[in-house]
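Written below as structure tokens is the structure these notes are about.
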Amino acid sequence: MAHNKAFLDVAVSVCPYCGTPYADASWYVIELGSDVECGMCGRTWNPKTFKVDRILLEFVLDDDGNVLEVIKEKHVE
Ligand SMILES: [Zn+2]
Numbered sequence: 001m002a003h004n005k006a007f008l009d010v011a012v013s014v015c016p017y018c019g020t021p022y023a024d025a026s027w028y029v030i031e032l033g034s035d036v037e038c039g040m041c042g043r044t045w046n047p048k049t050f051k052v053d054r055i056l057l058e059f060v061l062d063d064d065g066n067v068l069e070v071i072k073e074k075h076v077e
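Numbering (my numbering), first residue to last: 1 to 77.
Structural data, given as structure tokens:
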């Protein structure tokens, strides 16, 4: 049975005001670079400035496209 794979590039950032961590798609955080409003403290900050990690997630799919497993593929610089 052949498994299919899908990938998601994720950036992890931390709110500089209250320390709440967030994981968002890297295209949104790094390429768009727009400000976000923290869901916990309500203050506005830029996740690109406070990015702490970026990883590539691998989604292992069954023949119908359902996700069987998520693997931390690698760190992205
Ligand atoms: Zn916050």
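All C-beta atoms, glycine included, are put in the ideal place defined by N, C-alpha and C.
Is the beta carbon of SER13 less than 8 Å from the beta carbon of VAL52?
Yes, the Cβ-Cβ distance between SER13 and VAL52 is below 8 Å.
Give me the Cβ distance between LEU57 and GLU73, rounded to the nearest whole Å; I'm assuming they're in contact under 8 Å.
Confirmed, about 6 Å.
ALA11: buried (16+ other C-beta within 10 angstroms of its C-beta) or exposed?
Buried, by the Cβ-count rule.
Thinking just about the alpha-carbon of each residue, which of ASN46, VAL29, THR20 and PRO47 is nearest to the one in ASP9?
Between ASP9 and the set ASN46, VAL29, THR20 and PRO47, the nearest pair of CA atoms involves VAL29.
Using a Cβ-based criterion (distance less than 7 Å to any ligand heavy atom), does THR20 qualify as near ligand 1?
It does: the Cβ of THR20 is within 7 Å (strictly closer) of some heavy atom of ligand 1.
Entirely within the region 18 to 52 and at least 4 residues each: give me those alpha helix (DSSP H) ranges in chain order.
Here no run is fully enclosed.
Quick one, which of ASP62, ALA23 and VAL76 has its alpha-carbon nearest PRO47's?
Cα-wise, what sits closest to PRO47 is ALA23.
Nearest-angstrom Cα distance between SER34 and PHE50?
If I take the Cα positions, the gap works out to 12 Å.
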